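Below: one structure, written as structure tokens.
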Amino acid sequence: MRYTSLLLGAFATLAAGSNVERTAVPKHCTKLPSDLELKNQTYVLPDPFHFLNGRKVKSTAQWQCRAAQIRELFEKYELGYKPSKPPVFSSMFSNDTLHIVTGLSDDNTITFSVPIDPASKQTKKKKAPAIIVYGGTTVPIPPQVATITLNVDAIAQQNDQSSRGVGLFYDLYGSSGDTTAGALMAWAWASSRIIDALEAHPEVGIDPQRVAVTGCSRNGKGAMVAGAFDERIALTIPQESGSGGDACWRTSRDMLVNQGLLTQTAQEIVGENVWFSEAFDYFGRDNYTVGLLPVDHHELAGLIAPRGLYSTSNVGFLWLGGWSCWECMNAANDIFTALGVPDHQGFSQDGPHDHCAFPDDQRSEVAAFFSRFLLGREADTNVFRTVGNWTFDPSWTPWAVPDLS
Ligand SMILES: *[C@@H]1O[C@H](CO)[C@@H](O)[C@H](O)[C@H]1NC(C)=O
Ligand SMILES: *[C@@H]1O[C@H](CO)[C@@H](O)[C@H](O)[C@H]1NC(C)=O
Ligand SMILES: *[C@@H]1O[C@H](CO)[C@@H](O)[C@H](O)[C@H]1NC(C)=O
Ligand SMILES: *[C@@H]1O[C@H](CO)[C@@H](O)[C@H](O)[C@H]1NC(C)=O
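Residues in the sequence shown are numbered consecutively from 137, following our numbering.
As structure tokens, then:
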């Protein structure tokens, strides 16, 4: 595998994104049954290393099939389907801004523009890396990295339930009924179109295989989905994303129902906003139905492997489910470990501090991830820490970690 090292030293090989948005599902992979029977599993996380039919994942090739299955399960039950690059696509770069026109036919197009700051980071020899920022960010971005700002709210609104189907993405797809995507998936689609435009415009000087994505809180949930659904994204940095991001639904539910801690759960989230698809409402009907979901967020994070993932968490807000994030991201690390790249995933939990502020003690950590995944330098990305008074409870992950590297 091209990302894994032979583990010759302390640092694994430098990594970059793939050159395709989504690897075609190999023909030999088993298709998802249309009449899938949902198992009720409330107190363990779904096993990433077994197919739905119970077959064990034993090789890299089988992991490709399993990852494709997990992606489809997220699309079907939680996020909605991500449309591929539309047939009509053109882009223009002017005034330090990338203008994208895309659509299903010549008379059904949308236009959106993203500023790139600063635009000409590239040297004569080398294109520059960039980071797609959802809304705004406090993440300290290295000076070599250009910032591309995506106004996610214009792509898919996220005010409350009345935002369902509102935004440019739905101007394009809503009327034709082609998609079930909730807001998070609509933003992921827009991020992919930005990378398409970077590929089409070498003169912008940005390397499309050295692109990161970040967002905080609700936009952090979105950053995680973007990273999981575009293999070109080299580094994903969800900041304080909580439930629906780097917390698992089942562990968040456990906090609320069994530990009496008021945190965000699937049941709350389906009523609050339109981040997820309408299909997910089924799993948020009450405090138990989330146990029927055939995937959970350790697997969403695992879809990012072997690319880079650094997520942060703030114990200052119970709502963000600190304990749940810790359990979930530890479970996710089993997938990075299976692929031979445990240190391509970092998780850093501190606080209390203001929501979405970037604390000083995380600066060197995020800098190491930028170095390794965007700047092509060696760096120690062994980051897994919490200030929380909790330890990982392995009863959530009753599986053996295979060697798939
Ligand atoms: C160029 O971009 C800046 C910043 O986005 C904007 O204020 C300005 O109006 C733009 N100029 C033109 C000619 O479009
Ligand atoms: C879910 O559990 C919480 C905490 O026990 C409770 O306050 C809430 O009413 C429950 N929701 C439903 C729909 O039962
Ligand atoms: C799932 O199992 C739990 C007990 O483990 C039970 O309380 C709950 O009602 C079941 N949920 C569904 C949707 O069957
Ligand atoms: C952990 O426990 C210590 C001592 O009781 C307390 O001061 C601290 O606030 C706790 N940390 C968290 C994140 O709950």
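Glycine residues also receive a C-beta, built at the ideal position from the N, C-alpha and C atoms.
On a predicted model such as this, the values are computed, not experimentally measured, just so you know.
Ligand 2 heavy atom lying under 7 angstroms from the CB of residue i
i: Gln403; result: yes
i: Asp422; result: yes
i: Val502; result: no
i: Leu454; result: no
i: Leu392; result: yes
heavy atom of ligand 6 below 7 angstroms from residue i C-beta
i: Gln205; result: This structure simply doesn't include ligand 6; it includes ligand 1, ligand 2, ligand 3 and ligand 4 instead.
N- and C-terminal bounds of the beta strand (DSSP E) containing residue i
i: His235; result: 233-241
i: Leu286; result: 282-286
i: Asn450; result: 444-450
i: Gln246; result: As written in the sequence, residue 246 is Ile, which differs from the Gln given in the question. Where Ile246 is concerned, the enclosing beta strand (DSSP E) stretches over 244-253.
i: Arg386; result: No beta strand (DSSP E) contains Arg386, which is instead part of the alpha helix (DSSP H) from 385-393.
i: Val347; result: 342-352
i: Asp486; result: 481-486
i: Tyr270; result: 264-270
i: Arg521; result: 520-522
i: Leu371; result: 369-375
Cβ neighbour criterion (16 or more within 10 Å) applied to residue i
i: Thr527; result: exposed
i: Tyr139; result: The predicted model places Tyr139 with a pLDDT of 38, which falls under 50 and marks its position as unreliable; any figure quoted below should be read in that light. That one is buried.
i: Val552; result: Not covered by the structure: residue 552. The range shown for the chain is 137 to 541.
i: Leu142; result: With a pLDDT of 37 at Leu142, under the threshold of 50, the predicted position of this residue should be treated as unreliable, though the coordinate-derived value follows. Exposed: under 16 other Cβ atoms inside 10 Å.
i: Met137; result: Model confidence at Met137 stands at a pLDDT of 35, short of 50, so the residue's coordinates are unreliable; what they give is reported in the following sentence. Met137 comes out exposed.
i: Ala383; result: buried
i: Pro223; result: exposed
i: Gly145; result: Per-residue confidence for Gly145 stands at a pLDDT of 38, beneath the threshold of 50, marking its modelled position as unreliable; the derived number appears in the next sentence. It counts as exposed.
i: Asn525; result: exposed
i: Ala148; result: Residue placement at Ala148 is poorly supported in this model, since its pLDDT is 43, which falls under 50; the coordinates are not used for a value here.
i: Asp432; result: buried
i: Pro182; result: buried
i: Leu172; result: exposed
i: Lys192; result: exposed
i: Val156; result: exposed
i: Pro279; result: exposed
Short Cβ contact (8 angstroms threshold) for residue i with residue j
i: Leu475; j: Pro430; result: no
i: Leu511; j: Leu371; result: no
i: Asn394; j: Val288; result: no
i: Ala437; j: Met465; result: yes
i: Gly351; j: Gly271; result: yes
i: Met357; j: Leu397; result: Before going on, a small fix: residue 357 reads as Lys here, not Met. No. Outside cutoff.
i: Ala336; j: Ser220; result: no
i: Tyr446; j: Gly482; result: yes
i: Leu308; j: Val250; result: no
i: Asp470; j: Thr517; result: no
Span of the alpha helix (DSSP H) around residue i
i: Phe210; result: 196-210
i: Asn469; result: 458-474
i: Val406; result: 402-408
i: Ile330; result: 319-336
i: Phe494; result: Unbroken run through Phe494: none, as it is neither H nor E.
Min CB distance residue i to chain C below 8 angstroms
i: Ala383; result: The structure shown contains no chain C, having only a single protein chain.
Exercise. Using 8 angstroms as the Cβ pair cut-off and three pairs as the minimum, do the region 327-335 and the region 480-499 touch?
Worked result: The answer is no - the region 480-499 does not touch the region 327-335, with fewer than three Cβ pairs under 8 angstroms.
For this session: Please confirm if the region 190-204 is in contact with the region 298-312, defined as three or more CB-CB distances below 8 angstroms between the two stretches.
Result: No, the region 190-204 does not touch the region 298-312.
Exercise. Counting pairs of Cβ atoms below 8 angstroms between the region 381-397 and the region 461-469, do you hit three or more?
Worked result: The region 381-397 vs the region 461-469: in contact.
Problem set entry | Three-pair Cβ contact test at 8 angstroms for the region 203-219 versus the region 405-424 | With a cut-off of 8 angstroms, the region 405-424 and the region 203-219 count as touching, because enough Cβ pairs lie within range.
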